[in-house]
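Order-wise, the sequence lines are chains A and B. Residue numbers for the first sequence follow numbering that gives the first Met the number 0, so the first one is 0 and each next one is one higher. Residue numbers for the second sequence follow numbering that gives the first Met the number 0, so the first one is 0 and each next one is one higher. Here a beta-carbon is modelled for each residue, glycine too, at the ideal position from N, C-alpha and C. In what follows, a structure is listed as C-alpha cells, so that the remarks can point back to it.
There are 2 protein chains.
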Amino acid sequence: MARGLAALLALLVSVSVSLPAAAAPADQEGDRIRELPGQPPNVDFSHYSGYVTVNQARGRALFYWLVLWLNGGPGCSSVGYGASEEVGPFRIRPDGKTLYLNKHSWNKAANLLFLESPAGVGFSYSNTTMDLYTGGDAKTALDAYAFLVNWLERFPQYKYREFYIAGESYAGHYVPQLAKLIYEKSKGIQNPAINLKGFVVGNAVTDDYNDYLGTFEYWWSHGLISDSTYHNLKKTCLFDSSEHPSPECVKNLNLASSEEGNIDPYSLYTKPCNSSASLKLGLGGRYPWLSRAYDPCTERYSNIYYNLPEVQTALHANTTGIKYPWKTCSDIVGSYWADSPRSMLPIYHELIAAGIRIWVFSGDTDAVVPITATRYSISALKLPTLMNWYPWYDHGKVGGWSQVYKGLTLVTVAGAGHEVPLHRPRQALILFRHFLKDTPMPTQ
Amino acid sequence: MARGLAALLALLVSVSVSLPAAAAPADQEGDRIRELPGQPPNVDFSHYSGYVTVNQARGRALFYWLVLWLNGGPGCSSVGYGASEEVGPFRIRPDGKTLYLNKHSWNKAANLLFLESPAGVGFSYSNTTMDLYTGGDAKTALDAYAFLVNWLERFPQYKYREFYIAGESYAGHYVPQLAKLIYEKSKGIQNPAINLKGFVVGNAVTDDYNDYLGTFEYWWSHGLISDSTYHNLKKTCLFDSSEHPSPECVKNLNLASSEEGNIDPYSLYTKPCNSSASLKLGLGGRYPWLSRAYDPCTERYSNIYYNLPEVQTALHANTTGIKYPWKTCSDIVGSYWADSPRSMLPIYHELIAAGIRIWVFSGDTDAVVPITATRYSISALKLPTLMNWYPWYDHGKVGGWSQVYKGLTLVTVAGAGHEVPLHRPRQALILFRHFLKDTPMPTQ
Chain A
0 MARGLAALLA LLVSVSVSLP AAAAPADQEG DRIRELPGQP PNVDFSHYSG
50 YVTVNQARGR ALFYWLVLWL NGGPGCSSVG YGASEEVGPF RIRPDGKTLY
100 LNKHSWNKAA NLLFLESPAG VGFSYSNTTM DLYTGGDAKT ALDAYAFLVN
150 WLERFPQYKY REFYIAGESY AGHYVPQLAK LIYEKSKGIQ NPAINLKGFV
200 VGNAVTDDYN DYLGTFEYWW SHGLISDSTY HNLKKTCLFD SSEHPSPECV
250 KNLNLASSEE GNIDPYSLYT KPCNSSASLK LGLGGRYPWL SRAYDPCTER
300 YSNIYYNLPE VQTALHANTT GIKYPWKTCS DIVGSYWADS PRSMLPIYHE
350 LIAAGIRIWV FSGDTDAVVP ITATRYSISA LKLPTLMNWY PWYDHGKVGG
400 WSQVYKGLTL VTVAGAGHEV PLHRPRQALI LFRHFLKDTP MPTQ
Chain B
0 MARGLAALLA LLVSVSVSLP AAAAPADQEG DRIRELPGQP PNVDFSHYSG
50 YVTVNQARGR ALFYWLVLWL NGGPGCSSVG YGASEEVGPF RIRPDGKTLY
100 LNKHSWNKAA NLLFLESPAG VGFSYSNTTM DLYTGGDAKT ALDAYAFLVN
150 WLERFPQYKY REFYIAGESY AGHYVPQLAK LIYEKSKGIQ NPAINLKGFV
200 VGNAVTDDYN DYLGTFEYWW SHGLISDSTY HNLKKTCLFD SSEHPSPECV
250 KNLNLASSEE GNIDPYSLYT KPCNSSASLK LGLGGRYPWL SRAYDPCTER
300 YSNIYYNLPE VQTALHANTT GIKYPWKTCS DIVGSYWADS PRSMLPIYHE
350 LIAAGIRIWV FSGDTDAVVP ITATRYSISA LKLPTLMNWY PWYDHGKVGG
400 WSQVYKGLTL VTVAGAGHEV PLHRPRQALI LFRHFLKDTP MPTQ
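Here it is in C-alpha cells:
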C-alpha cells in the first residue's frame with residue numbers, strides 16, 4: 000500500500016473526578032486540552048485531543064472502562080455528533096462560541112474516546128487525497144485498529160483495561176468489524192493491550208436485506224409512503240446492497256422520499272430545525288418538566304464552533320492546515336464508499352460464540368435505521384430468548400422495551416430518534432450503565 | 000318495543016358571530032345556555048343544551064352547516080371528549096371550575112351539535128334501566144335518528160341545511176350507520192329536513208379483520224409487543240369480532256397489553272397523566288412555540304366540572320336526578336354491547352355510490368385504532384385513486400399525509416394521537432374546513 004500518512008483525530012474525555020488531579024505522563028501532555036473556548040467553569044474531568052498517525056505511528060487514568068465512540072455516515076464526525084450532541088460532556092450554545100454541560104454525559108460512567116473515522120472525516124485527514132475517494136469498511140477497520148494500537152502507546156494507562164466500542168447508524172458496520180479485528184489480533188494473547196469486552200450499537204445498519212424490509216415496513220406503518228411505493232420498494236430493493244443500490248431501487252427510494260415530504264426522518268415527532276426553531280433554546284434548563292424539548296439546530300452551531308481557530312488550537316486539531324472547512328459529514332467520503340458487506344450477522348455469531356458482550360439499541364421514532372429494521376435483523380440471528388419483550392422503566396415511566404437473548408441484549412428507547420442520547424439523554428445513560436454492568440434493563 | 004322514555008342530551012354550539020344577536024324562537028329559549036359557570040368573558044357565539052326524548056319526542060340560526068359530533072367507546076361522552084377537549088369552544092381548567100377558549104374550535108366553521116349517545120352515556124338517560132344493558136349499534140342509530148328528527152322540530156332553522164356527521168373511534172360505527180339510516184329515510188324526498196351531505200370519522204373502528212391486522216402490525220412496528228405475541232394475535236384474533244373476541248384472542252390481547260406496559264396507548268409520544276403532569280398547565284398559552292404541549296389530565300377536570308350542580312343547571316342537564324354521577328365513559332354501556340357488525344365497508348360502498356361525501360382521518364401516534372388499521376380498511380374498499388399518498392402542509396411544515404380516492408378522502412395528522420383535535424388543534428381545524436369544502440388538503 001503506497002498510501003501516504005493518514006492521521007486520525009481523537010478526543011478523549013475521562014471520567015469526572017473529585018480527586019486532586021494526578022500528573023499525567025509527559026508524552027500525553029501535548030494532547031491535554033487546557034480549556035476549550037467558551038467552556039463553563041465547573042469542569043471536573045480531563046480531556047485530551049490529538050492526532051494519531053495510523054500508517055507510521057507514535058495518559059493519566061482512573062480505574063474505569065475505556066469506551067470508543069464512533070459515528071457513521073459513512074463520513075460523519077464523531078466529534079460533531081457523538082461528542083457534541085450525544086454522549087459527550089459539552090453541548091454547544093446557539094452562539095456557536097460557548098458550551099454548557101450535558102448532565103447525562105456518558106463520561107459519568109466511563110472514559111470516552113471519540114474518533115473521527117475514517118481519514119477525511121471531520122479533522123482526520125490524509126495527505127494522499129485519493130484516500131478520501133477510496134474509503135470503505137475494510138480500510139476503516141484497519142485504520143481504526145492501527146489508531147488504537149498507537150493511541151495506547153501514547154496513553155498506556157488505558158492498556159489492559161476493559162475496553163468497549165459504541166456507535167450508531169453506519170457505525171453498525173464499523174463497530175462489529177473493528178471488534179472482530181481486535182478479537183482476532185488478541186486471540187491467544189493472555190493479557191491483551193486492547194482488552195475488548197463488548198460492543199453496543201444504536202439504530203445500526205446491520206443486515207441489508209432485513210434492514211430494507213424493516214425500513215420499508217416502518218415507512219408504511221408510520222404513514223410516510225403510499226401502498227404502491229411500499230410494494231415497489233420491496234420488489235426492487237430487497238436484494239440490493241444498501242450502499243450500492245440498483246437504479247430501479249434508487250428510483251423507488253427517491254419516490255418514497257418525495258412522498259415523505261419535508262420531514263425530519265431522523266426524529267419523526269420533533270420539530271425540524273427551521274427559522275423559528277431557535278425560540279426553544281435553553282428551555283430544557285429553565286423548565287425541566289419539558290424534558291422532551293431539545294434544540295434541533297445543534298449541527299449549525301457545531302459548524303461555527305469547530306471552525307473557530309481558537310477551538311482548533313485548543314483541540315490540537317487541523318495543525319496541517321486542511322484545505323477544507325470542518326463539516327459534520329464529508330460528502331466525498333460518503334459518496335465514494337467502496338466495500339460494504341451486506342451483513343454483519345456472521346460477525347455477530349462469531350463474536351457471541353467468543354463471549355464478546357453485544358447490546359443493540361434503537362430509538363423508536365427514527366425512520367432512517369428504524370426499530371423494525373433492527374428487530375428483523377436481530378430476529379434473523381435466531382438466538383434463544385432468555386427474557387421476552389418487556390417494558391423497561393425509568394422513574395415509573397416506560398423508557399422503552401427490551402428482549403434478552405442468549406449472547407445479545409436488544410433495548411429500545413421510547414420516543415427517541417436516530418441519535419438516542421440527544422433525544423433521551425437520561426434514558427440513554429441508564430442504558431449505557433446497564434450495558435457496562437451487563438444487567439438487564441430495569442423492570443420497575 | 001315496550002321501552003320507556005330514553006332522553007338524549009345534546010349540546011349545540013353555533014358559529015361565532017359579530018352580528019347583533021337575532022331573537023331565537025321562543026320554544027328554543029328553554030335550551031339556551033345563559034352562561035356556563037366559569038366561562039371567559041369574550042364569548043361571541045350561542046350555545047344551547049337540553050334533552051330530546053327519543054321515544055315520545057317533542058332555534059336561532061346562521062347560514063352555516065350543521066355538524067353532529069359523536070364520540071365512541073362504546074359508552075363515552077361527546078360532551079366530555081368532543082366538546083370539552085377536542086372540537087368544542089371551551090376547555091376546562093385544572094381547577095375543574097373555570098373554562099378557557101379553544102382558539103381552534105370547529106364552531107369557527109360550522110354549527111356543532113354534541114350528542115351524548117346512546118342513552119346511558121353522560122347525561123343521556125333512560126327510565127328503563129334495562130336499556131343500559133342492551134345497547135348496540137342498531138338501537139344507537141335508531142335513537143340518534145329519532146333524536147335528530149325531534150331536535151329539528153325544536154330548532155327548525157336547521158332543517159334543510161347542509162348536514163354532516165363527524166365522530167371518532169367507535170363512532171366509526173355510529174356515524175356511517177346513522178348516515179345510512181338518514182340516507183334511506185330521505186331517499187326520494189325532494190327537500191329532506193335532514194339534508195345529509197357527508198360524514199367524517201377519525202381513528203375509526205371500521206372493519207374488524209383489517210382493523211385487527213393493522214393494529215397488531217402497528218403494535219409490532221412501534222416496538223410495543225414481542226415477535227411471538229404478534230404472531231399469536233394474528234393467529235387467534237383476525238377472524239373475531241372486535242366487540243366480542245374469543246377467549247383465546249382475549250388472552251393474547253391481555254398478553255400484548257402487559258408487554259406494552261404502563262403507556263398511554265392513545266398517544267404514544269406524549270406524557271401520560273400522572274402526579275407531575277400538572278406542571279405543564281397553561282404553558283400552551285404562555286409559550287406558544289411549545290405547541291405540542293397539552294394537558295394530559297383533562298378528563299380529571301371534566302369529572303369535576305360536569306358534576307357541579309350549577310353547571311348541570313346551566314346545561315339544563317340531569318333534570319330528573321340521575322342516580323349516578325356524570326362520567327366520561329359508562330362502563331355498563333361499554334361492557335354490555337350487543338350487536339356490532341364486523342364491517343362498515345358495505346355501508347361505505349353504498350353511501351359512496353349515493354354521492355355522500357366521506358372523509359376518514361387518522362392521528363398517526365394512536366395505538367388504539369391506529370393508522371395501519373385505517374389504511375388496511377380503506378384499502379380493502381379497492382377504490383380508484385385520484386391523488387396518490389402525498390404530504391400535506393401547514394405553514395410550510397408537514398401536517399400529515401393524504402390520499403384522495405374516488406368517493407373518499409383519507410387524511411393523516413402527523414404526531415396526533417387518538418383524539419386528533421386535542422393533540423393537533425390547528426391541523427384538525429384545517430382538515431375540518433377542507434372536509435366541509437371538499438377540497439384536497441394543501442400540497443404546500
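Proximity test, Cβ basis, 8 angstroms: residue i and chain B
| i | result |
| --- | --- |
| residue 156 of chain A | no |
| residue 27 of chain A | no |
| residue 285 of chain A | Low per-residue confidence applies at residue 285 of chain A: pLDDT is 37, beneath 50, and the placement is therefore not dependable, though the value from the model is reported in the following sentence. No, because no Cβ of chain B sits closer than 8 angstroms to the Cβ of residue 285 of chain A. |
| residue 281 of chain A | Summary for residue 281 of chain A: the model assigns pLDDT 38, below 50, so the residue's position carries little reliability; its value from the coordinates is reported in the next sentence. False, the Cβ-Cβ gap to chain B never drops below 8 angstroms. |
| residue 266 of chain A | no |
| residue 402 of chain A | yes |
| residue 225 of chain A | yes |
| residue 231 of chain A | no |
| residue 256 of chain A | no |
| residue 433 of chain A | no |
| residue 121 of chain A | no |
| residue 301 of chain A | no |
N- and C-terminal bounds of the beta strand (DSSP E) containing residue i
| i | result |
| --- | --- |
| residue 196 of chain A | 194-201 |
| residue 411 of chain B | 407-412 |
| residue 46 of chain A | 46-52 |
| residue 370 of chain B | Taken as a continuous stretch (DSSP letters only), residue 370 of chain B belongs to no beta strand (DSSP E), being part of the alpha helix (DSSP H) at 370-378. |
| residue 4 of chain B | Unbroken run through residue 4 of chain B: none, as it is neither H nor E. |
Limits of the unbroken alpha helix (DSSP H) element including residue i
| i | result |
| --- | --- |
| residue 420 of chain A | 419-422 |
| residue 311 of chain A | 308-313 |
| residue 228 of chain B | 226-236 |
| residue 333 of chain B | 330-334 |
Assigned exposure category for residue i - 16 Cβ within 10 Å defines buried
| i | result |
| --- | --- |
| residue 443 of chain B | exposed |
| residue 189 of chain B | exposed |
| residue 420 of chain A | buried |
| residue 217 of chain B | buried |
| residue 90 of chain A | buried |
| residue 394 of chain B | exposed |
| residue 446 of chain A | The structure shown does not extend to residue 446 of chain A, since chain A is modelled only from 0 to 443, so the question has no answer here. |
| residue 295 of chain A | buried |
| residue 126 of chain A | exposed |
Which listed residue (the options) has its alpha carbon closest to that of residue i
| i | options | result |
| --- | --- | --- |
| residue 375 of chain B | B:359, B:386, B:389 and B:390 | B:359 |
| residue 223 of chain B | B:213, B:255, B:168 and B:244 | B:255 |
| residue 163 of chain A | A:63, A:388 and A:95 | A:63 |
| residue 10 of chain A | A:96, A:100, A:41 and A:116 | A:116 |
| residue 128 of chain A | A:321, A:435, A:368 and A:328 | A:321 |
| residue 372 of chain B | B:171, B:82 and B:211 | B:211 |
| residue 167 of chain A | A:215, A:132, A:114 and A:191 | A:114 |
CB contact below 8 angstroms: residue i versus chain A
| i | result |
| --- | --- |
| residue 376 of chain B | no |
| residue 390 of chain B | yes |
| residue 217 of chain B | yes |
| residue 127 of chain B | no |
| residue 351 of chain B | no |
| residue 443 of chain B | no |
| residue 167 of chain B | no |
| residue 45 of chain B | no |
| residue 261 of chain B | yes |
| residue 368 of chain B | no |
| residue 397 of chain B | yes |
| residue 87 of chain B | no |
Bridge partner(s) assigned by DSSP for residue i
| i | result |
| --- | --- |
| residue 142 of chain B | Paired residues: none, contrary to the question. |
| residue 399 of chain B | B:391 |
| residue 31 of chain A | A:47 |
| residue 75 of chain B | B:328 |
Practice task
With 9 angstroms as the C-beta to C-beta threshold (strictly closer), list the residues of the region 187-208 of chain A near chain E in chain order.
Solution key: This model lacks chain E altogether; the protein chains it does include are A and B.
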